[in-house]
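Residue numbers (the numbering used here): 854 to 1392.
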């Protein structure tokens, strides 16, 4: 325990003690990994031990870390788990992570041993690569070794997923095809208030379009005087979709709402409590679930698999994965590539005809489905070969072969490529849409230390050098080089929490906390800067 009463510590002393214990815990985690490896070495596969006799139900050797890792005596895992306060399954996973780091991910393990990577983050990567071949794991090891500790776990997960696909594209394609066959829509139980949950597992492109349409219908209801919260109006829109004619009429009403106005920053009163509390969306230092944008909860928190879905109160049965079709239900034979192309051409032609000759009851309305703007990051090599990984903003990496499914049969409008090297500036305090879009593309994640919030068109854009409102202020104060995206909480910390931020010559941001701790934030993530003891004081 502490040598003194912690209540006697000042804020600076408390931070220093916390930092010391954090570093000590990291060293302890590395030492525990080394002990796990040594313990596994002391308990090899019993079949390899001279004189071992195999008996029914006796101890066997089990490979926990994936291809290329040695087998471990299975009973030893339970004892190791007991002494460190873990279940057998948890201890087996931990030993597997340690062995995978040594035998499959040696570069990452070297970073852990040198103190440049946190042990638990490295273990997470080892688990994500568990099913990869040794050759594929080596690719992941090479790509991720240098960034384990510079980005947040959420971004690491996306990078690992993309790297896994790149390392073993055939396995990724097979997994994608298997997952596509498990899609469906399942109604859940109805509660005593007449509310039923609907679980949807469908193509990402279809979910994007459905999500946008629901929001536009909700906006149309608001235009007609509905004052219920947005989520409730979106729920009402589910019922509206069952009436196509009414849906088209409402989409026509909502058409002028498809381009949201540029938000104007609103000052926060000192005594006003913002709903954006510290850590509300911070994935860097928590293991449990956390709040996310309601509109995308289905995407970030997948619904239960069909085999575990809630029982429906209807008599309809839906065939789930691994379930045989019911009597009278013939299993689908599937479509070959030629049939899929022919169907795609027919759907595209029908959609184009509907756009140009849309009628409702014989009267042309001219309404169109909701429009969605997608930012797809793709290399020229991927475009030429049709293989590889692309990144769709807000949804993460997407296998290139699935782009056609993502885009569907919509009419696609390609916008000019934005050169992010060009500086854009205006004299006014208000931020034009072209600057906001430029910042969003340059910084897809807020530029706060270990920030996790993705930059959207509604994210606060803060002037790094405060804007001078008087007439003597310099021109071009609102520019792509003097703005940075921050979620509301981070913005409030900078404004009211005695934090400072400076733009460095290479474009990175240098943040300094209230007590003098410094962090460099750039396109590779967050990097703590060396801080002398003299700087650690309240400013």
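Don't be surprised by glycine CBs; every beta carbon is placed ideally from N, CA and C.
- request: Put residue 944 into one of helix, strand or coil per three-state DSSP.
  value: helix
- request: Tell me whether residue 1370 sits in a helix, a strand or coil according to DSSP, three-state version.
  value: coil
- prompt: Shortest alpha-carbon distance to residue 1372 belongs to which of 1025, 1346, 1340 and 1303?
  reply: 1303
Rounded separation between residue 1259 and residue 975 - CA only: 32 angstroms
- prompt: For residue 953 versus residue 910, is the C-beta spacing smaller than 8 angstroms?
  reply: no
query: Between the C-alpha atoms of residue 1378 and residue 1078, what's the straight-line distance to the nearest angstrom?
result: 45 angstroms
task: Would you mind sorting residue 1239 into buried or exposed? The rule is 16 or more other CB atoms within 10 Å of its CB.
output: exposed
message: If you reduce the DSSP assignment to three classes, tell me which class residue 1352 lands in.
response: coil
message: For a test of the three-state rule: what should DSSP assign to residue 1249, helix, strand or coil?
response: strand
Member of 1296, 1317, 1322 and 1313 whose CA lies at the smallest distance from the CA of residue 1375: 1296
query: Is it the case that the Cβ atoms of residue 833 and residue 980 are separated by a distance below 8 angstroms?
result: Here the chain comprises residues numbered 854 to 1392, so residue 833 is not present and cannot be evaluated.
query: With burial defined as no fewer than 16 other Cβ atoms inside 10 Å of the residue's Cβ, what is the status of residue 1318: buried or exposed?
result: exposed
query: When the Cα of residue 1233 is compared with those of 1270, 1198, 1246 and 1224, which residue comes out closest?
result: 1270
- prompt: In chain order, what residues of the same chain have a beta carbon less than 8 angstroms from the beta carbon of residue 1279, not counting five sequence neighbours either side?
  reply: 1285, 1288, 1329, 1331 and 1332
query: If you draw a straight line from the alpha carbon of residue 867 to that of residue 1301, how long is it in whole angstroms?
result: 22 angstroms
- prompt: Per DSSP, what kind of secondary structure is residue 1035 in: helix, strand or coil?
  reply: coil
message: Measuring straight from C-alpha to C-alpha, what distance separates residue 1012 and residue 1250?
response: 8 angstroms
task: Return the Cβ separation of residue 905 and residue 899 in integer angstroms, given the expectation that the two are a contact with Cβ distance under 8 angstroms.
output: 5 angstroms
field: Cut-off 6 angstroms between Cβ atoms - residues of its own chain near residue 1051, not counting five sequence neighbours on either side
entry: 1040
task: Check the DSSP bridge columns for residue 1089 and list the partner residues they point to.
output: Per DSSP, none; premise fails for residue 1089.
- prompt: Between residue 932 and residue 912, which are expected to be in contact by the criterion C-beta below 8 angstroms, what is the C-beta distance as a whole number of angstroms?
  reply: Actually they do not touch by this definition, with Cβ atoms about 12 angstroms apart.
- prompt: In three-state DSSP terms, what is residue 996?
  reply: helix
task: Report the option in 1189, 967 and 951 whose CA atom is closest to the CA atom of residue 917.
output: 951
task: Determine the closest residue to residue 1367 out of 1268, 858 and 864, with distance taken between C-alpha atoms.
output: 864
field: Same chain only: Cβ atoms within 8 angstroms of residue 1308, ignoring 5 sequence neighbours per side
entry: 1292, 1293, 1296, 1297, 1298, 1299 and 1338
query: What residue from 1192, 1380 and 1248 has the CA that sits closest to residue 1227's CA?
result: 1248
query: In angstroms, rounded to a whole number, what distance separates the CA positions of residue 879 and residue 1003?
result: 15 angstroms
- prompt: For the segment 1232–1315, which segments carrying the alpha helix (DSSP H) assignment without a break, of at least 4 residues, lie completely within its bounds, in sequence order?
  reply: 1233–1238, 1256–1260 and 1286–1295
task: Please go through the same chain and pick out, in chain order, the residues whose beta-carbon is closer than 8 angstroms to the beta-carbon of residue 992, but skip the five residues on each side of it.
output: 1016, 1019 and 1020
- prompt: Expressed to the nearest angstrom, what Euclidean distance is found between the alpha-carbon atoms of residue 1235 and residue 1241?
  reply: 6 angstroms
message: Let me check understanding here. Comparing Cα to Cα, which of 1382, 1380 and 1370 lies closest to residue 871?
response: 1370
message: Short of 6 angstroms in beta carbon distance, which residues of its chain neighbour residue 982, apart from the five on each side in sequence? Order them along the chain.
response: 990 and 993
message: Just list the residues that DSSP pairs residue 1054 with in beta bridges.
response: 1037
- request: With DSSP as the reference, please indicate the residues paired to residue 839 in a beta bridge.
  value: As shown, the chain starts at 854 and ends at 1392. That puts residue 839 outside it, with no answer to give.
- request: Going by DSSP, name the residue or residues bridged to residue 1331.
  value: 1279
message: 8 angstroms is my cut-off, CB to CB: does residue 892 come that close to chain B?
response: Among the chains in the structure shown there is no chain B, since it carries only a single protein chain.
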